[in-house]
Amino acid sequence: MLRLSNALTRVLELSFQGQYKLLGRTRTPFVLQMEAVECGAAALGMVLGYYGKFVPLTTLRADCGVSRDGSKASNVLKAARKYGLKAKGFSKGIEKLKDVRFPLIVFWEFNHFLVVERISGKYVHVNDPAVGHRKLTLDEFGSGYTGVALTFEPDEGFKKGGTPPNPMPMLIKRIAGSEKALIFMMLAGIIGIVPGMVQAVFSKFFIDAIITEEHYDWLRPMLVAMVALLAFQLCLQAVSGLFSRRLTMGLSAKLYAEFYQHILKLPYHFYTQRYVGDVVNRSQLNNAVVSLMAGQLTSVAIGLVSMVFFGILLFSYNFEITAIGVLSTFINFALIRSMASRRIEANMQIAKEQGKVQGATIAAIQSIESIKASGMENTFFEKWGGYFAASSNASQKLAMDSRMFSIFPTLSSSIVSTLTMVLGGLEVMNGNMTIGTLMAFNLLMAQFLGPISAVLNLAVQMQEIRGTVVRLEDVLEHPTREELFAEVRQNASTDEGRQAAAALGTSLDGSMQCRGLTFGYSPIEGPLIEDFNLEIRPGERVALVGTSGCGKSTVARLVAGLVPPWSGEICFNGVNRELVPQDVLSSSVSFVEQDFLLFPGTVRENLTLWDSTIPDEWLREALDDAVILDQVLAMPGGLDANVEEGGNNLSGGQRQRLEIARALVRRPSFLIMDESTSALDVETEAQIVRNIHRRGCSALMIAHRLSTIRNCHKIIVMQKGAVKEVGDHETLYAQNGIYTKLVKMQ
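At position 718 of the sequence shown (counting the first as 1) the number is 718 in the UniProt record's numbering, and the numbers step up by one without a gap.
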């Protein structure tokens, strides 16, 4: 099975492998950016690929320091030097660009990176990580060119390596566990070759022996044999079809389950750089993979085997005529190869544009209240229409190419059939072949060309699915949270640490320590937070305050385990967070953000997240402390009252209080609250804070409204990621420093 898949991989690689140097011209491989902020990393990937170094985009993201704001040109140069390229940055006009070495990267419209492959006459040939290869006029290029250019050439330390992106290994990997069904289908298909061969023999026998030589007494046995052969073929196809349906259903369930299980394990930052609709769109791409793996790929594997048998028979009949059929297949393969890179880029672009359409659609539905309140329906529709038009145009362009391309296999098949009849007829007239042999030869040639057409169609589909696989791989190959935190866990996994973790009970006491935390959103930029220290004792409430962007929410995400620190550690009960058992963390630590999310279902389901072990007593207690118990009990159904998607049948304050109740329902000993009372009035907010204090749980609170945290045991004032002031409200206010200014501004 593995050898066959490797052979098939090699055959198909020839049909969609890109060419990077054509007739002395520079042509870089295309690397599709998954998000707008990744253009610098994708552009560098194209340049590296041109010189023979293929690096996954996931790796280049980290090397180029891609953050929420993208990557800087200086970071792209640093990453290029890491891989052994001599990289320089210049400020040059368009005319001077002709004198530098291609390919080069330019900064475009102050928000995008392009690869310039060459300048010829009035045109500039570029490779855009957003759309692929395109040709711009000098005026078009000049209107977006900012004057910043990055040049590259291999240095002494440069080494070629890696392999071009190939969907076959990923596709083969996804069928693990379905080998038995695939093997049976392939065996059934190979056995199905026999009826085709026997049918050709019967046709020769029928014409030459029964009709020509008038052996009519042989007619009845031959008809019985043909009917039996037909019945056998139908039964074989029925059983094969049954296994095919089972394989399709099994693969579909497996791929969807693996995909959703993986996206739930992905780290927080994966979702901050992607639209929800785009992630949903990628999950639906599994259908294309299932269709290919359960259908066409198996058929082609069978077809390749049958080609060998039919080819041997054909060459035994007539070498010259058979050679014509084989030649036509090579011509078709050459046509596929010539159009490979163009179709691959087109399909990647279609997949990306469709993701944008779905993302914009979901965003509109989620924000419908704001859109209507601001009267932005037409504006948003124009934005959505732009995405839809781009998607439709890309699909239409590829459809036109596909229609033009489909003409060639049909035309070549017709030509081969005609030549077979003409040349075969001449052989019959010359006495070198009987009429029965000619009929058998035609049937065998049709059987021979059939699998070749399937291989050609698969090669086309492999080009079309390339974009699908790239987008799925972006999700499935992205490191999970466990992999991202592996280094943190390894550093903490000492004998002493493991012993302390094993000694933990079923819950934590509420103590938390941050020791020497350093963190930033770009690995090659300076840290946002450096050497941050904090200790919270059991039952203590500590507040983080400061202006927007000072790092308050980042600290909260670090403590919640959403992002890994570059250095330092976060401990609960004196044990590193990553060594604390997950069930203990889930029951003891709760995180409430400003943004709330309620599922369609009941109040009970939204609070317990379908955990039936949580008693009603805890539910009522949490709702009471969130100051919403009376309102919930007044709703039809009480705890089982209906909640619409996003909590659309509730007010903003009610939604936020349900979020707080969800955090309290497990009786946590440590609570992280990031602007989680912003939608509440001062009186309700104060009551919730008092209730949390009465519970005795520790709390890390972040708020712009300082009245929320004035009674905290300790207030930490942050500025540009550093701690500037520490103390209680009275002490800090008396210092007349940053905290005093924040209070006076409210």
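Note that beta-carbon positions come from the ideal geometry of N, C-alpha and C, so glycine has one too. A quick note: this is a predicted structure, and the numbers were derived from the prediction, not measured.
For residue j and residue i, the rounded distance between their alpha carbons
i, j, result
"S291", "V559", "44 angstroms"
"F380", "V124", "34 angstroms"
"S590", "D674", "11 angstroms"
"Q199", "M226", "8 angstroms"
"A238", "G425", "38 angstroms"
"N533", "Q719", "14 angstroms"
"G497", "V575", "6 angstroms"
"E730", "V542", "15 angstroms"
"V279", "G355", "8 angstroms"
"P615", "E482", "31 angstroms"
"R245", "L234", "16 angstroms"
"N378", "A390", "18 angstroms"
"Y733", "T740", "5 angstroms"
"F441", "L136", "53 angstroms"
"I738", "H704", "14 angstroms"
"S507", "L623", "22 angstroms"
"G450", "S414", "12 angstroms"
"G45", "H133", "14 angstroms"
"Q631", "L650", "10 angstroms"
Residues near residue i by beta carbon distance below 7 angstroms, same chain, minus five either side
i, result
"E644", "P600"
"M186", "T298, A301, I302"
"S178", "L247, G250, L251"
"M439", "S203, K204, I207"
"D681", "none"
"R174", "L255, V289, M293"
"V665", "L607, T608, I614, W618, L619, A622"
"H478", "T58, L266, F270"
Option in the options with minimal Cα separation from residue i
i, options, result
"E617", "R667, S651, D583", "R667"
"K160", "A394, G49, S707, F319", "G49"
"E605", "E659, S493, F591", "E659"
"L585", "F572, L597, F596, E593", "F572"
"I709", "G93, V743, D155, V37", "V743"
"H693", "R662, P164, H713, T434", "H713"
"T437", "L700, G144, S316", "S316"
"R61", "G70, I175, K741", "G70"
"C112", "L313, Q33, G549", "A small fix is needed here, since residue 112 is His in this sequence, not Cys. Closest by alpha carbon: Q33."
"A679", "V665, Q656, A663, F670", "Q656"
"R662", "T684, D681, L639", "L639"
"I312", "F448, S412, Y145", "F448"
"G142", "E153, L114, G157", "L114"
"E685", "S669, I716, L664, G653", "G653"
"P29", "L77, K86, P103", "P103"
"T322", "D63, G646, T420, L236", "T420"
"R282", "I350, V66, G192", "I350"
"Q687", "T59, I628, P56", "I628"
"R515", "L423, E530, L504", "E530"
"G539", "D509, G65, P565", "D509"
"residue 783", "A87, K78, G121", "Because the chain spans 1 through 746 in this model, residue 783 falls outside it and cannot be assessed."
"N287", "A253, R690, V488", "A253"
Spatial neighbours of residue i in its chain, beta-carbon cut-off 6 angstroms, leaving aside the 5 residues before and after
i, result
"G189", "I302"
"W384", "A360"
"L671", "S590, C697, A699"
"E427", "M433"
"K724", "V717, I738"
"S240", "M185, A188"
Cβ-heavy atom distance, residue i to the ligand PLP, below 7 angstroms
i, result
"L597", "Summarising the ligand content, the structure contains no ligands, and the ligand PLP is consequently not present."
Residue i, DSSP secondary structure in three states
i, result
"L607", "helix"
"S586", "helix"
"C514", "strand"
"S120", "strand"
"V131", "coil"
"A626", "coil"
"V545", "strand"
"N318", "coil"
"S91", "strand"
"F152", "strand"
"Q719", "strand"
"S67", "strand"
"C571", "strand"
Exercise for review: Evaluate contact between the region 547-561 and the region 516-534, counting only Cβ atoms and requiring at least three cross-stretch pairs below 8 angstroms.
Suggested key: With the cut-off at 8 angstroms, the region 547-561 and the region 516-534 touch.
**Study point:** Meets three-Cβ-pair contact criterion under 8 angstroms: the region 368-377 and the region 327-336
**Key:** Result no; under three Cβ-Cβ pairs closer than 8 angstroms.
Practice item. Pair every Cβ in the region 162-175 with every Cβ in the region 101-108, then say whether three or more of these pairs are closer than 8 angstroms. Key: Short answer: they don't touch.
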